[in-house]
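What follows is a set of notes on a single structure, which appears directly below.
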Amino acid sequence: KYTLYNKSDWTKVNDIWYSKTNVLDKVLIGVYGTLKRYGSNYDYHLADSIYVGNANTLDKYPMLIQGIPYVLDKPGVGHHIDIELFLVDRKTCLPSIDRLEGHPNWYERRKTDVILEDMCTVLTPYIYFNDTVKDEGEHHKTFTQEVYGFYDNPLLGGIEYYECQCANPQP
Ligand code: PCA
């Protein structure tokens, strides 16, 4: 048994007391590029977020790869894009990703239907589209960042540790 001090500063949700409400304020985003796990922007921007799973866009979209990937907001053309889903903090993490992506002037975040790998569940995360690049007709389904070196790190139990080529260096 314990006592809650300053009880008015706490918030109760589903019978659990939270000292900070920021943990409750999460937004679902779907990433397809440098923000994916093992991507060059993951560590800085998403390592503290909650990975939910993999999904594909319900509609087809054209993804161009010109150094980094760009998904155009043109449903019906291209592929069901490979997406990784994360729950991110609305007040801290989302603004920093928006700045990275230049939202809403370069990439623009828009809610988009995706279907989970179980092929049953449809969710509607934010995805970053970019319609400022020219569609040269070659459309991709998945983006894999080029790896310039990897080694077996015994401290990580022999897991391959990747170093990614940073197309857009971290701030
Ligand atoms: N980063 C964002 C959009 C393109 C990119 O390189 C992402 O991973 O979804």
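The sequence shown begins at -3 in my numbering and counts up one residue at a time. Every residue gets a Cβ at the ideal spot worked out from N, C-alpha and C, and that includes glycine.
The three-state secondary structure of Tyr28, taken from DSSP, is coil.
When DSSP states are grouped into helix, strand and coil, Thr88 belongs to the coil group.
Annotated as distal: Val110 and Gln62, with beta-carbon spacing of 8 angstroms or more.
Partner residues in the beta bridge of Gly49, as assigned by DSSP, are Leu81.
For Val118, the shortest C-beta to heavy atom distance toward ligand 1 is 7 angstroms or greater. The Cβ atoms of Ser45 and Cys89 lie closer than 8 angstroms to each other.
When only Cα atoms are considered, Asn10 and Asp21 end up about 15 angstroms apart. Under the 10 Å beta carbon count, Glu97 is surrounded by 16 or more other beta carbons and is classified as buried.
In this structure, Ile61 has its beta carbon at no less than 7 angstroms from each heavy atom of ligand 1. Per DSSP, reduced to three states, the secondary structure at Leu119 is strand.
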